[in-house]
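Below is one structure; the comments refer to it alone.
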Amino acid sequence: MADIFELMLTLDLRDELSEEELAELQWHLGLGPQPKSLRIVTDFPFVVEDDHGELLVEDHPEPLLGHQGEASKVGGALVAILLRKRETRRSAWALTSRQEIHPDDFERTGELLNWLANKADDSHRSPDGSVHLGWTRFHEELLPEPLVVRDGMVIWPS
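Read in the working numbering, the sequence shown has 65 at position 67, and its numbers run on one by one without any break.
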């Protein structure tokens, strides 16, 4: 049995993204090339075995929210889209991403989600300061749970 969760993001972002941040976000969504330097999520450790049987940790950057196509466990399709909004009085970007995620990827993806929470429009912020980004759902469950960032930490399902 696979520990796969549906991760659904639906949020609006304020108009304060630098060109570098926008390029990196587009890469994470599978919508652009990898930037020369990564600033949002910087470490992508991957253990490999060298020719002598020694284990080495290499850096293997990969987009965290960029899978597209048929979902393997949660049904439906995996998608990611980032649109510039026409009316920019409140927020300038609309982001939607539906992905499958394994708990092993919660920490690294959480870095990106925390960054997004800091860029999210105030309409996603609760009075207690938590930011609602979307929802998660274990692939065998019917009902989703809110995806919340509180005090700089993603509240993942247990």
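All residues carry an ideal CB built from backbone N, CA and C; glycine is no exception.
Extent of the continuous alpha helix (DSSP H) run through residue i
i, result
"residue 107", "104 to 117"
The beta strand (DSSP E) enclosing residue i, as first and last residue numbers
i, result
"residue 130", "129 to 136"
"residue 18", "Here residue 18 belongs to no beta strand (DSSP E); instead the alpha helix (DSSP H) covers 17 to 26."
"residue 69", "Run containing residue 69: none; DSSP gives neither H nor E here."
"residue 79", "75 to 82"
"residue 148", "143 to 148"
"residue 153", "151 to 153"
Proximal residues to residue i (C-beta, below 7 angstroms), its chain only, five neighbours per side dropped
i, result
"residue 155", "3, 134, 136 and 143"
"residue 93", "7, 9, 11 and 80"
"residue 69", "75, 76 and 98"
"residue 47", "53"
"residue 16", "none"
Status (buried if at least 16 other CB within 10 Å, exposed otherwise) for residue i
i, result
"residue 79", "exposed"
"residue 22", "buried"
"residue 26", "buried"
"residue 50", "exposed"
"residue 37", "exposed"
"residue 73", "exposed"
"residue 131", "buried"
Coarse secondary structure for residue i, derived from DSSP in three states
i, result
"residue 101", "helix"
"residue 91", "strand"
"residue 120", "helix"
"residue 14", "coil"
"residue 43", "strand"
"residue 56", "strand"
"residue 7", "strand"
"residue 96", "strand"
Nonlocal neighbours in the same chain, by C-beta distance under 6 angstroms from residue i, ignoring five residues either side
i, result
"residue 83", "90 and 92"
"residue 129", "115, 118, 122, 123 and 147"
"residue 45", "53 and 55"
Sequence-distant residues of the same chain with beta carbon closer than 8 angstroms to residue i, five excluded per side
i, result
"residue 67", "75 and 76"
"residue 101", "1, 3 and 154"
"residue 110", "26, 38, 39, 62 and 63"
"residue 145", "5, 6, 7, 111, 130, 131, 132, 133, 134, 152 and 153"
Residue i Cβ short of 7 angstroms to the ligand ADP heavy atom set
i, result
"residue 5", "Absence of the ligand ADP from the depicted structure is noted, as is the absence of any ligand whatsoever, leaving it without description."
Quick one: any contact between the region 114 to 125 and the region 8 to 20, if contact means 3 or more CB pairs under 8 angstroms?
yes
Would you call the region 16 to 33 and the region 55 to 65 touching, i.e. three or more CB-CB distances under 8 angstroms?
yes
Counting beta carbon pairs with one atom in the region 38 to 51 and one in the region 98 to 113, are three or more of them shorter than 8 angstroms?
yes
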